[in-house]
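What follows is a short report on a single structure.
Numbering (the working numbering), first residue to last: 610 to 724.
Below, the structure is given as structure tokens:
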């Protein structure tokens, strides 16, 4: 597998599976390239909410805006440059704030195969 570089302009966003909120994902490297992880961008409209069960280990890097993640009775909020790690097996509620958010993510293994 060759070394790859990505930027948000490379992303082709699709609505996140199983929900109808203004939340979109764009895989840029995944099982199609033969690597063990999925790498991509997430885009959240203002004040959106997604409830989901984490089926893979998921690392979210906030690039713009803010995102809050509620799990196990605790809420963590991350802004630009901060990282939230969501281990497999957690039920989470992910919320964007008034400004929406752009995130980058890395999952292991591939989230699209685990759903």
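Each residue gets a CB set at the ideal place from its N, CA and C atoms; glycine is no exception.
Contact between the segment 626-633 and the segment 670-683 is absent: fewer than three C-beta pairs spanning the two stretches fall below 8 Å. Each residue's CA atom was taken as its position, placing residue 711 and residue 640 some 23 Å apart. Excluding sequence positions up to five before and after residue 717, its CB lies within less than 7 Å of the CB of 645, 646, 665 and 666, all in the same chain and listed in chain order. One Cα belongs to residue 624, the other to residue 634, and the distance between them is close to 6 Å.
Proximity to residue 690 across 703, 683 and 672 peaks at 672, based on C-alpha coordinates. In the DSSP assignment, residue 669 falls within the unbroken beta strand (DSSP E) covering 666-680.
DSSP places residue 660 inside the beta strand (DSSP E), whose first and last residues are 658-662. DSSP, reduced to helix, strand and coil, places residue 620 outside both helices and strands of the structure shown, so it counts as coil.
Non-local beta-carbon contacts of residue 706 in its own chain, meaning distances under 6 Å to residues more than five positions away in sequence, involve 675 in chain order. Straight through space, the alpha carbons of residue 618 and residue 709 are spaced by roughly 17 Å. According to DSSP, residue 715 shares a beta bridge with 648 and 668.
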